[in-house]
Amino acid sequence: AHAHAHAHAHARTDKMDDGPWDKAKLMGQGVAGGGQEAVKSNPMLWGVPGHLTSDEADIYARFKAEVEKRPQDIKDTIYSFGLEEGEVWALCRWLRARKFVYDDVIVMIEEATKTRAEAKKSNFYPNHEDSLGCGLSLYYAQYPQLYSGVSKNGAPLFISKPGILNVDAVECITTLDGIVKFHWYIMMHDFANRLREQKKNDPSFKRFECTCVLDLSGLALSQLNSRTLAIIKEQAAIDSICFPETMSKMFIVNGPRFFGATWTIIKGWLDPRTASKVEVISDRKSWEKKLLDAVDAHQLPSDYGGTAISTDITLKKEMPGDVKRIQSEIIGLRGHGSCSHKIGADEQVSITVYTKASAAAKMTVVDGSNKGAPPFVNNFIVKHDGGSTAADRPTSTEITTERINGPVNLKVKADTMGSRWTTFNFLVVYNVYGKK
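Residue numbering for the sequence shown follows this note's numbering, beginning at 14 and increasing consecutively.
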C-alpha cells in the first residue's frame, strides 16, 4: 500500500506539472518562453525545467532513475518540502546546487541525509519552546525574524533583523544547540507549510524558494563577533546542504557604512550565481522601490514601504497568553548593577531573570520614584543551577511572587555574590500585562 501511495503521489506530481517531462520538454519544447535563448537574457533561468541543455537533460534522467532506486530516507531528503513540490522542480533544485555534476549531486544528497538524520528522529522539533527553552516572543525580542506575506512570484517573504541581534541576551536564554533545533523547526514546519499552502492556492507556483529581507539597521561593528557569526554560520550550513537553491532573492537594507567592506568579503565566499541574487541597498527610498518591484504593496509590511501590518505587530502575535508586551534588559554585573522600566497605570508586571552566570546575584526590586517605600522584592537570590558547557541550558527564575501594579517606575538592583573582577550577565525580563 505504501509503494502504491508513492506511485499515486508521483502520478499526481506529473499531472500538476502538465504531463510528463521528456527530454524535449526539459529543453523547452512546448514550454512558454522556454529554451536556451531565455537563459542568455535571464541567467536565473539556468538549470530550471524547460531551460536545460541536452547534457543537463541527460543528467536529469540519470539522477531521476537513481533516486527511484534509493531508500525512502534519501527520497525524504530530496522532497523535504513534500511531494507537492513536484518531481522535476525538486530534482532540478538539487542538480542546480551542484552545477549538474552527477557525482557531486549524489554525494550531496547522501551528506544532506546524514546531516538531517538526528533532527529527523525528533520530527524536526515541532515544539519550538522545548528547543529554545524560552518563549518565542522573548527569543524574537533578542533576534527579530518572521515570515510575512508572499512576493509577486509566490515565494514567501522572510524578514530578519540581525542589526538588533543581542548575542549576550540570546546566550542568557538559550544555547546554540537550541537555536539550531529551532532553525530545523522553521524550515521543516513553518517555511515548508507556507510553500505547500502557496502551491494549494496557486498551482502555477513551481519554485519552492523564499524572498529575504535582511535589515541591518542598528548593526554595530562589535556585533560581528565570533559568537554572532557562529549562529549565522550554523544556520547557513544546514540550509546550503539540506535546502539548496531555496533563495529567490535577497535584499540587504539599511547597511551601515562599514558593511560595504564586510559584504565584499562575504561575497567572495558565495558562488557568483548566489551572489547575483543579493542586492545591497542602504538608501531607504531606493530599497522601498526595489521591494515594491518584488512584492505587492498589500503583502509588504508597512514598516518596509507596503500596506500590510507592520513586522512589530506580527511579532507581537507570538506573545504568550495575556502578555501585552515583553521588555528585556541585560545587566552586565561587575559588583553592582541595575535597570529600570516604567509600568503604566493600566498595567501590571511580573519579572523573570535568565542567566548562565557561574556566580549567583541578589536581586532587589524597588519603586524608583519613591525612595521610602518598602521593596517589592528584597535580596532574592538568582543562581544558575545547570552546567557551564555550551550545551547546558541557562536558568530562568521568576523573582516576583505576584504581579506588581502600575503606575510605577520599577528599578531592579543586582549585587554579585561572585568576584567583583568578572562580568556576569543577567537578563531581566519584564512581562507586562493589561490590568484585569
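Note that beta-carbon positions come from the ideal geometry of N, C-alpha and C, so glycine has one too. Predicted, not measured: the structure shown is a model, and the values here were computed from it.
V308 sits buried, since 16 or more C-beta atoms from the chains shown fall within 10 Å of its C-beta. About 19 Å separates the Cβ atoms of D190 and N438, ruling out a contact at the 8 Å cut-off.
Under DSSP, Y446 takes part in a beta bridge, and its partners are V336, Q361. If you look at Q158, you'll find it in the beta strand (DSSP E) that goes 158 to 163.
Under the DSSP assignment, A132 falls in the alpha helix (DSSP H) whose first and last residues are 115 to 134. In the structure shown, the three-state DSSP call for M430 is coil. Non-local C-beta neighbours of S150 in its own chain, meaning closer than 6 Å and more than five positions away in sequence, comprise E331, M332, I339, ordered along the chain. Distance from the CA atom of P84 to the CA atom of Y317, rounded to whole angstroms, is 45 Å. Beta bridge pairing from DSSP links G345 with N438. DSSP places T414 outside any beta strand (DSSP E), giving it a letter other than H or E.
Segment contact: the stretch 399 to 408 against the stretch 360 to 368, three or more CB-CB distances shorter than 8 Å; contact assigned. For the stretch 270 to 311, the continuous beta strand (DSSP E) assignments of 3+ residues that do not extend past its boundaries occur at 291 to 294, in sequence order.
Nearest in C-alpha terms to F272, of all of T259, S295, P257, K290, is S295. If you draw a straight line from the Cα of A310 to the Cα of K303, it is about 12 Å long.
When the Cα atoms are used, K262 and E81 turn out to be separated by approximately 31 Å. If you look at T377, you'll find it in the beta strand (DSSP E) that goes 374 to 380. Setting aside the 5 residues that flank it on each side, K212 is surrounded in the same chain by E97, F218, each with a C-beta closer than 6 Å to its C-beta; the list follows chain order.
Contact between the stretch 349 to 363 and the stretch 171 to 180 is absent: fewer than 3 CB-CB pairs across the two stretches fall below 8 Å. For I322, the secondary structure class from DSSP, reduced to helix, strand or coil, is coil. In this structure, the straight-line span from the alpha carbon of E415 to that of S363 is close to 7 Å.
Leaving aside the five residues that flank W276 on each side, the residues in its chain whose CB is nearer than 6 Å to its CB run, in chain order, V293. Distance from the CA atom of D203 to the CA atom of E210, rounded to whole angstroms, is 11 Å. Under the 10 Å beta carbon count, G63 is surrounded by 16 or more other beta carbons and is classified as buried. A Cβ-Cβ separation of about 12 Å leaves V266 out of contact with L313 under the 8 Å criterion. When DSSP states are grouped into helix, strand and coil, M263 belongs to the strand group.
Look at P407 here: in three-state DSSP terms it is coil, with no helix or strand label. Taking each of A233, E247, I245 in turn and checking the Cα distance to P269, the smallest one comes out for A233. When C-alpha distances from A205 are compared across Q236, L170, S239, the shortest belongs to L170. Of G148, W107, G334, the smallest CA-CA separation from E69 is found for W107. Here A250 is exposed, its C-beta having fewer than 16 other C-beta atoms within 10 Å. Listed in chain order, the non-local C-beta contacts of C185 below 6 Å within the same chain comprise Y367, T368, P407, N438, L440, local neighbours out to five positions each way being set aside.
If you compare the alpha carbons of Q155, I87, P157 with that of R129, the shortest gap goes to I87. Closest by C-alpha distance to V291, out of M430, K298, I279, E301, is I279.
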